[in-house]
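Trainee:
Residue numbers (the working numbering), protein chains in the order written: chain A, 50 to 319; chain B, 50 to 319.
1) With distances taken between CB atoms, is the gap from residue 311 of chain B to residue 269 of chain B smaller than 8 Å?
2) Could you tell me whether the Cβ of residue 173 of chain A comes closer than 8 Å to any Cβ of chain B?
3) Within 8 Å of any Cβ in chain B, is that where the Cβ of residue 90 of chain A sits?
4) Mapping DSSP to helix, strand and coil, what is residue 226 of chain B?
5) State the Cα-Cα distance for the pair residue 26 of chain B and residue 210 of chain A, rounded to the nearest angstrom.
6) In whole angstroms, what separates the C-alpha of residue 50 of chain A from that of residue 173 of chain A?
7) Which residues in the same chain have their Cβ closer than 6 Å to the Cβ of residue 203 of chain B, if we skip the five residues on either side of it in sequence?
8) Using the three-state DSSP reduction, which class does residue 50 of chain B fall into: helix, strand or coil?
9) What residue from A:175, A:212, A:229 has the CA that sits closest to residue 237 of chain A's CA?
10) For residue 314 of chain A and residue 105 of chain A, what's the separation of their Cα atoms in angstroms?
11) Using the Cβ count rule (16 or more neighbours within 10 Å means buried), how would you classify residue 92 of chain A?
12) Specify the secondary structure class of residue 187 of chain A as computed by DSSP and reduced to three states.
13) Which class does residue 272 of chain A belong to by DSSP, given the choice of helix, strand or coil?
14) Given 8 Å as the limit, is there contact between the segment 187–197 of chain B and the segment 92–103 of chain B, that is, 3 or more CB pairs closer than that?
15) By alpha-carbon positions, which one of A:129, A:75, A:71, A:67 ends up nearest to residue 89 of chain A?
16) Going by Cα to Cα distance, which pick from A:282, A:256, A:293 is closest to residue 245 of chain A?
17) Which residue's Cα is closest to the Cα of residue 286 of chain A: A:316, A:179, A:138, A:136?
18) Any contact of the segment 69–88 of chain A with the segment 134–145 of chain A, i.e. 3+ C-beta pairs under 8 Å?
19) Tell me, please, which residues DSSP counts as bridged to residue 176 of chain A.
20) Assuming residue 222 of chain A and residue 176 of chain A are in contact, meaning their beta carbons sit under 8 Å apart, how far apart are those beta carbons, in whole angstroms?
21) Nearer than 7 Å: is that true of the beta carbon of residue 245 of chain B relative to any heavy atom of the ligand NAP?
22) Do the segment 180–195 of chain B and the segment 135–149 of chain A make contact, defined as three or more Cβ pairs closer than 8 Å?
23) Of the residues that make up the segment 138–157 of chain B, which ones have a beta carbon closer than 9 Å to any beta carbon in chain A?
24) Check the Cβ-Cβ distances between residue 196 of chain B and every residue of chain A, and say whether any is below 8 Å.
25) Report the rounded CA-to-CA distance for residue 267 of chain B versus residue 298 of chain B, giving the unit in angstroms.
26) State the Cα-Cα distance for the pair residue 161 of chain A and residue 124 of chain A, rounded to the nearest angstrom.
27) Checking the sheet assignment: what are the DSSP bridge partners for residue 152 of chain A?
28) Assign residue 158 of chain B to one of two classes, buried (16 or more other C-beta atoms within 10 Å of its C-beta) or exposed (fewer than that).
29) What alpha helix (DSSP H) runs, 4 residues minimum, are completely inside the segment 113–171 of chain B?
30) Cβ of residue 313 of chain B less than 8 Å from any chain A Cβ?
31) What's the call for residue 264 of chain A, buried or exposed, on a 16-neighbour Cβ count within 10 Å?
32) For residue 317 of chain B, count neighbouring C-beta atoms within 10 Å of its own C-beta (all shown protein chains included) and say buried if the count is 16 or more, exposed if not.
33) Who are residue 291 of chain B's beta bridge partners in DSSP?
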């Protein structure tokens, strides 16, 4: 990743594409992608962006590996401070387990607080994976809910377990991001062990993978079903898992061939 | 609210406008608003929708009071079952404390399971208030978070207190919806009392009101500041309150006249 200085005050727009389809990317984000001189992001996200807005030859695309978020953040800030008009691209919402916090961390911790003073930073939200999966499944997030990443790259698993225990104990609906990877095949199983202390085996669970993209898969299972290792093996980093509260229900509408709906009622019993 | 039967299979699209500006409403929702024969919703939301897509004379607008969600849900389902192409309009995300769950409840509980079999129901998410406020403030939702409604219209306040206690105890960032109304001026104060058991007085708090609309107000205060009744009095049903975790920080960028950023680091200490 290299760049030429342009001079003047640049702009860093941290944009969220949403699920990845044209129809769910906000006009604001589209406009910023069109206007940017430079797109920065993980290659997969730049491919999604290019399917939404075709980049011109005048635009520079800087693809990075997904694992080096701090480097990507500094590179994007440097470009903007050099006068470029940068779109830093995430899928979903950049404010949820994504690049907005990575940029803030760099602004906060760089030894030179003036280093990126010439960069005008802004953040533009997108539809997050849990929202897209919830909409396909019905309304599982219709009542109080928690959003937890199961990745222990950046936090100890003990804090994840503590949060799962607290959230399940207080009967929140729980959306799990980064539920399972090849490097961490056991995280989901360990999470389910904690949830099983508080939730009935028949609790509805939504598995949403690549929702809003051509390969979309949405399945409604139960907590008990998910104990099955073969089913767990279908869960990966592109899946969001929504575990119902004690109140979450399924509805089977006659004549509706899309399967059951899942929802959490707005009211909670006394 | 009256309607003429049209016959044939109708469509009920439950759509979220997002914060309420043209630039943050997804193209899918815009397309559905254009295509609908009927818009149904709380008057304020239909006004927001009409500012995004100007309704034609051929389209019927059915304005309802915000308090009769069950009636509105049944009316929208009846219209769709009669063959109309209905857009049921919410601001934000209809899946988060909004109409998607209200529709599911009717489908689930009506004594006649075939009553609305002719209505094809779909849900189309929007950017929710917490996401819009978070984006303006920085990245307060960059780590695990909870979303809790403080309204006790539909649940006992004891369950709200239990959830606040659990979420704060497990160090989640907490987004509060419906934090305070004229009818319930004390809910926020009672919530703060619970949060104060777990969080330092200097914990950053984001107050976002009407974010993305012309009257937008975003303020960054502390938990201690918010104990002040005069500040609390500025919080209303159009405000979302985001209370940081123990790790949430502020960043003051030199030369940036927008004030401080607020973010929650992606990593959590061991």
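In this text, a Cβ means the ideal position worked out from N, Cα and C, and glycines have one as well. Predicted model only: the values in this text are computed from it and were never measured.
Mentor: From the atom records:
1) Here residue 311 of chain B corresponds to residue number 262 of the second chain, with the count starting at 1. Here residue 269 of chain B corresponds to residue number 220 of the second chain, with the count starting at 1. Contact flag set, yes.
2) For the purposes of this step, residue 173 of chain A is identified with residue 124 of the first chain, where counting begins at 1. When Cβ-Cβ separations below 8 Å define contact, residue 173 of chain A makes contact with chain B.
3) Your numbering for residue 90 of chain A matches position 41 in the first chain. No, no contact with chain B.
4) What you label residue 226 of chain B is simply residue 177 of the second chain in a count that begins at 1. Strand at residue 226 of chain B.
5) Outside the shown range of chain B (50 to 319) lies residue 26 of chain B, about which nothing can therefore be said.
6) Position 1 of the first chain, counted from the first residue, corresponds to residue 50 of chain A. Position 124 of the first chain, counted from the first residue, corresponds to residue 173 of chain A. Here the model assigns residue 50 of chain A a pLDDT of 47, short of 50, so the residue's position is not dependable, and the following value carries that caveat. Each residue's Cα considered, the two are about 24 Å apart.
7) Residue numbering aside, residue 203 of chain B sits at position 154 when the second chain is read from its first letter. Cβ neighbours of residue 203 of chain B beyond the five flanking positions: none.
8) Taking the second chain and counting its residues from 1, the one referred to as residue 50 of chain B is at position 1. Model confidence at residue 50 of chain B stands at a pLDDT of 47, short of 50, so the residue's coordinates are unreliable; what they give is reported in the following sentence. Three-state DSSP puts residue 50 of chain B in coil, outside helix and strand.
9) Here residue 237 of chain A corresponds to residue number 188 of the first chain, with the count starting at 1. It is A:229.
10) On the first chain, position 265 is the one that residue 314 of chain A refers to. On the first chain, position 56 is the one that residue 105 of chain A refers to. Cα-Cα distance, rounded: 47 Å.
11) What you label residue 92 of chain A is simply residue 43 of the first chain in a count that begins at 1. The residue in question, residue 92 of chain A, is exposed, as its Cβ has fewer than 16 Cβ neighbours within 10 Å.
12) The residue given as residue 187 of chain A occupies position 138 in the first chain. The three-state reading of DSSP puts residue 187 of chain A in strand, counting E and B together.
13) In the first chain, counting from the first residue as 1, residue 272 of chain A sits at position 223. In the structure shown, residue 272 of chain A sits in coil (DSSP, three-state: anything other than H, G, I, E or B).
14) No, because fewer than three Cβ pairs between the segment 187–197 of chain B and the segment 92–103 of chain B fall closer than 8 Å, the two stretches do not touch.
15) Here residue 89 of chain A refers to the residue found at position 40 when the first chain is read from its first residue. The option with the nearest alpha carbon to residue 89 of chain A is A:129.
16) Taking the first residue of the first chain as position 1, residue 245 of chain A is located at position 196. The closest CA to that of residue 245 of chain A, considering only A:282, A:256, A:293, is found on A:293.
17) The residue given as residue 286 of chain A occupies position 237 in the first chain. Nearest to residue 286 of chain A by C-alpha distance, out of A:316, A:179, A:138, A:136, is A:179.
18) With contact defined as three or more Cβ pairs closer than 8 Å, the segment 69–88 of chain A and the segment 134–145 of chain A are in contact.
19) Locating residue 176 of chain A in the first chain gives position 127, counting from the first residue. According to DSSP, residue 176 of chain A bridges with nothing at all.
20) Locating residue 222 of chain A in the first chain gives position 173, counting from the first residue. Locating residue 176 of chain A in the first chain gives position 127, counting from the first residue. That pair is no contact at about 18 Å.
21) In the structure on display, the ligand NAP does not appear, and there are no ligands present to speak of.
22) In short, these stretches touch, since the Cβ pair count reaches three.
23) Using a CB distance below 9 Å, the part of the segment 138–157 of chain B facing chain A consists of 142, 143, 144, 145, 146, 147, 148, 149, 150, 151, 152, 153, 154, 156, 157, ordered along the chain.
24) Reading the second chain from its first residue, position 147 is the one you call residue 196 of chain B. Residue contact with chain A for residue 196 of chain B: present (Cβ-Cβ distance below 8 Å to some residue of chain A).
25) The count along the second chain starts at 1 and reaches residue 267 of chain B at position 218. The count along the second chain starts at 1 and reaches residue 298 of chain B at position 249. Approximately 16 Å, taken between the alpha carbons.
26) Looking up residue 161 of chain A in the first chain gives position 112. Looking up residue 124 of chain A in the first chain gives position 75. Rounded to the nearest angstrom, the two C-alpha atoms are 15 Å apart.
27) Locating residue 152 of chain A in the first chain gives position 103, counting from the first residue. Answer is none; residue 152 of chain A lacks a bridge partner.
28) On the second chain, position 109 is the one that residue 158 of chain B refers to. Exposed: under 16 other Cβ atoms inside 10 Å.
29) For the segment 113–171 of chain B, whole alpha helix (DSSP H) runs of length 4 or above, ordered along the chain, are 118–130, 148–158.
30) Taking the second chain and counting its residues from 1, one reaches residue 313 of chain B at position 264. At least one chain A Cβ lies under 8 Å of residue 313 of chain B.
31) For the purposes of this step, residue 264 of chain A is identified with residue 215 of the first chain, where counting begins at 1. With a threshold of 16 other beta carbon atoms within 10 Å, residue 264 of chain A falls short and is exposed.
32) Locating residue 317 of chain B in the second chain gives position 268, where the first residue counts as 1. By the neighbour-count rule (16 or more Cβ atoms within 10 Å), residue 317 of chain B is buried.
33) The sequence position of residue 291 of chain B within the second chain is 242, counting from 1. DSSP output for residue 291 of chain B lists B:224, B:255 as bridge partner(s).
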